[in-house]
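Numbering (the working numbering), first residue to last: 2 to 131. Beta carbons are placed, not taken as given, at the ideal position from N, Cα and C, and that holds for glycine. Single-structure report; data block below.
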């Protein structure tokens, strides 16, 4: 448990860094950095997991470092997509529907997919390849 808490403290410390980089280079390159890192690092990081708390800490720090590129800029990026007159509803309504549909059904779908597929034991493998 300490590894998760410590990694999240590092994550919080990196958010201002991503904000500064976004102000300097723009939001799009920062989002592209996150996207490329996510695609390249997802499976190697999952494959590197084991029972070592230090290894988990290192993997979470790497993953959360790049996640900060997305999380830190997401509200401003999405707000810029809409004019100020419809900004709150333009962001809030679709976000609420998506969170309800996918977030609300995920606890029911994942156990069912685990029982019916033979794609491996990790949820990331099942969700990406099955």
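For residue i, which of helix, strand or coil comes out of DSSP?
| i | result |
| --- | --- |
| residue 75 | helix |
| residue 53 | coil |
| residue 84 | coil |
Report yes if the C-beta distance between residue i and residue j is below 9 angstroms; otherwise report no.
| i | j | result |
| --- | --- | --- |
| residue 65 | residue 11 | yes |
| residue 141 | residue 5 | The structure shown does not extend to residue 141, since the chain spans only 2 to 131, so no value can be given for it. |
| residue 67 | residue 35 | yes |
| residue 32 | residue 78 | yes |
| residue 3 | residue 54 | yes |
Count the other CB atoms, across all protein chains shown, that sit within 10 Å of the CB of residue i; report buried if there are 16 or more and exposed otherwise.
| i | result |
| --- | --- |
| residue 69 | buried |
| residue 132 | Since the first residue of the chain shown is 2 and the last is 131, residue 132 is not available in this structure. |
| residue 102 | exposed |
| residue 86 | exposed |
| residue 73 | buried |
| residue 107 | exposed |
Please report the straight-line C-alpha distance between residue i and residue j, rounded to a whole angstrom.
| i | j | result |
| --- | --- | --- |
| residue 15 | residue 94 | 29 angstroms |
| residue 89 | residue 99 | 16 angstroms |
| residue 127 | residue 110 | Caution is warranted here: a pLDDT of 49 is assigned to residue 127, below 50, making its placement in the model unreliable, and the coordinate value is therefore given only provisionally. For residue 127 and residue 110, the distance between alpha carbons rounds to 11 angstroms. |
| residue 17 | residue 59 | 20 angstroms |
| residue 80 | residue 51 | 39 angstroms |
| residue 29 | residue 23 | 8 angstroms |
| residue 71 | residue 26 | 14 angstroms |
At which residue ranges does the region 2-55 contain complete alpha helix (DSSP H) runs of 4 or more residues, listed in the order of the chain? Listed in chain order, they are 3-26 and 28-48.
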